[in-house]
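Going by the UniProt record's numbering, the first residue of the sequence shown is number 1, and it counts up by one from there.
Worksheet: one structure, shown below.
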Amino acid sequence: MAKMASRSEKKQRSFEGFAKPLKWAVGLLAGSLVAIALVFGGIWIFSINTDNVFPIKKVELQKHKFTNAVGVYDVLRSIDDRGFFTLEMEQAEQKLVELPWVKSVQLRKVWPETLQVSVIEHEPVAYWNDRGVVSVEGEVFYPVELPHAEWVKLSGPDALAKDLTELLQLYQQQLLEKKMIIDRMELSQRGAINLVLTDGLEVRLGNVHVEERIERFMQYIDSVKQQKQAALAYVDLRYQNGMAAQWVENEASVINDGGSR
1 MAKMASRSEK
11 KQRSFEGFAK
21 PLKWAVGLLA
31 GSLVAIALVF
41 GGIWIFSINT
51 DNVFPIKKVE
61 LQKHKFTNAV
71 GVYDVLRSID
81 DRGFFTLEME
91 QAEQKLVELP
101 WVKSVQLRKV
111 WPETLQVSVI
121 EHEPVAYWND
131 RGVVSVEGEV
141 FYPVELPHAE
151 WVKLSGPDAL
161 AKDLTELLQL
171 YQQQLLEKKM
181 IIDRMELSQR
191 GAINLVLTDG
201 LEVRLGNVHV
211 EERIERFMQY
221 IDSVKQQKQA
231 ALAYVDLRYQ
241 NGMAAQWVEN
251 EASVINDGGS
261 R
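Laid out in structure tokens, this is it:
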């Protein structure tokens with residue numbers, strides 16, 4: 001009996017010795033899964049730890065282009081109760097909408113352990129003051145990293161972001177008639193609007209009668225360009241009539257000017 005007891009104790013000690021590194025390995029694997037995200041077919045899939053009896057273990061981030069998956073993960077991790085039946089969907093949605101780029105979000109639970117996150121993002125129209133992004137609705141937000149894109153560079157006071165965004169889209173629509181594209185648009189501290197087109201031409205519009213000056217620019221720009229083979233550096237429409245023009249070769253002229261600004 002003593003020998004049998006001794007063998008049993010040896011087996012138990014042997015099993016315990018094996019179980020410790022096994023538990024350590026399983027724990028390491030589980031911890032690693034939290035930090036791993038897989039991209040498949042435009043959907044981010046990542047696991048999320050929870051002590052709930054019916055835990056949400058997998059999150060699928062769908063329909064996103066700019067939204068940071070790590071940011072979504074961090075938001076969901078910050079919610080204490082992440083159980084399949086107990087997760088407060090409205091609370092989670094409110095937290096996710098606070099992320100940059102996220103305009104609205106829809107959550108859907110898929111049994112037994114998946115949360116689908118469908119994101120509607122802000123549609124970017126321009127960079128804002130070299131630090132942020134402004135949407136087509138004029139909402140300014142500041143992503144952690146600015147994407148590299150061929151967007152207009154728009155600058156001005158934050159309080160006027162919506163108004164400037166509307167003007168930008170209006171002016172761009174008008175200029176497209178001449179196949180001109182705005183590269184930069186700036187509202188100065190004095191309230192003057194300047195445009196820089198993608199070909200480098202600066203259009204100085206000033207702070208009054210801007211709509212009328214845009215129309216005047218559209219009316220005369222073709223004839224002004226035909227005067228010289230050199231490229232135009234800028235046109236200044238801050239005159240009662242006509243405009244002043246400066247060519248890259250440093251020759252200036254005033255076209256059809258009434259003599260006052």
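The C-beta atom is built at its ideal place from N, Cα and C for all residues, glycine as well.
Nothing here was measured: the structure is a model prediction, and the numbers come from that model.
Please state if the CB of residue j and the CB of residue i are separated by a distance shorter than 8 Å.
| i | j | result |
| --- | --- | --- |
| D183 | K153 | yes |
| N160 | L187 | Strictly speaking, residue 160 in this sequence is Leu, with Asn absent from that position. Cβ atoms of L160 and L187: closer than 8 Å. |
| K63 | V119 | yes |
| R216 | M180 | no |
| L201 | I214 | no |
| E121 | F66 | yes |
| V125 | Q169 | yes |
| E93 | V105 | yes |
| R77 | I56 | no |
Whose C-alpha, out of the options, is nearest the C-alpha of residue i?
| i | options | result |
| --- | --- | --- |
| E137 | G242, L164, P112 | L164 |
| K95 | V208, F84, Q116, G71 | G71 |
| L146 | A231, M243, E177, N68 | N68 |
| D130 | E249, V224, M185, V235 | M185 |
| T114 | Y239, F54, Y171, L176 | F54 |
| L197 | Q219, L232, G191 | L232 |
| Q189 | Q173, K178, Q229, S155 | S155 |
| L237 | K103, V224, D80 | V224 |
| Y239 | N207, Q227, Q226 | N207 |
| N241 | E212, K228, Q226 | E212 |
| W128 | D80, Y73, K162 | K162 |
| K103 | S135, Y73, I79, Q229 | S135 |
Which term fits residue i, buried or exposed, when burial requires 16 or more other beta carbons within 10 angstroms of its beta carbon?
| i | result |
| --- | --- |
| V203 | buried |
| F84 | buried |
| E249 | exposed |
| V235 | buried |
| F40 | Because F40 sits at a pLDDT of 37, beneath the cut-off of 50, its placement in the model cannot be relied upon, and the following sentence gives the value as read from the coordinates. When all chains shown are included, F40 counts as exposed. |
| L29 | Note that L29 scores 38 on pLDDT, short of 50, meaning its location in the model is unreliable and no value can be drawn from it. |
I believe residue i touches residue j by the beta-carbon criterion, under 8 Å. Please report the beta-carbon distance rounded to the nearest angstrom.
| i | j | result |
| --- | --- | --- |
| I193 | V210 | 6 Å |
| P143 | W101 | 6 Å |
| residue 267 | E60 | This structure cannot settle anything about residue 267, because the visible part of the chain is limited to 1 through 261. |
| L99 | V75 | 7 Å |
| Q174 | M218 | 6 Å |
Review point. At a cut of 8 Å, does the region 109-125 reach the region 82-95 through at least three beta carbon pairs?
Key: yes
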